[in-house]
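In the numbering used here, the protein residues as written are 3 to 69.
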């Protein structure tokens with residue numbers, strides 16, 4: 003899971019609820035929160051952060067390689 007902490011669509015409480023449910027279900031996952039806005043992975047617009055996007059893609063690919 004990759005999250006932007008400044009995403010107004012998913013507040014802290016919502017992320018905590020999602021994480022708690024994943025843990026309760028004993029699912030295999032990674033969890034990463036960045037100081038970024040909503041849509042920071044989208045390759046256009048003012049919220050796009052290319053460095054965080056690249057780091058996030060690498061984290062996801064690493065997880066897929068291990069799983």
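Note that the Cβ used here is the ideal one computed from N, Cα and C, for glycine as well.
Assigned secondary structure, residue i (DSSP; H/G/I helix, E/B strand, else coil)
| i | result |
| --- | --- |
| residue 46 | coil |
| residue 2 | Given that the chain is displayed from residue 3 to residue 69, the structure contains no residue 2 and the question cannot be resolved. |
| residue 80 | Outside the displayed span of the chain (3 to 69) sits residue 80, for which this structure offers no information. |
Residue i versus the options, residue with shortest Cα-Cα distance
| i | options | result |
| --- | --- | --- |
| residue 38 | 58, 66, 26, 63 | 58 |
8 Å Cβ cutoff met for residue i and residue j
| i | j | result |
| --- | --- | --- |
| residue 30 | residue 69 | yes |
| residue 40 | residue 3 | no |
| residue 27 | residue 42 | no |
| residue 61 | residue 32 | yes |
Per DSSP, the bridge partner or partners of residue i
| i | result |
| --- | --- |
| residue 4 | 34 |
Own chain residues within Cβ distance below 8 Å of residue i, not counting five before or after
| i | result |
| --- | --- |
| residue 10 | 40 |
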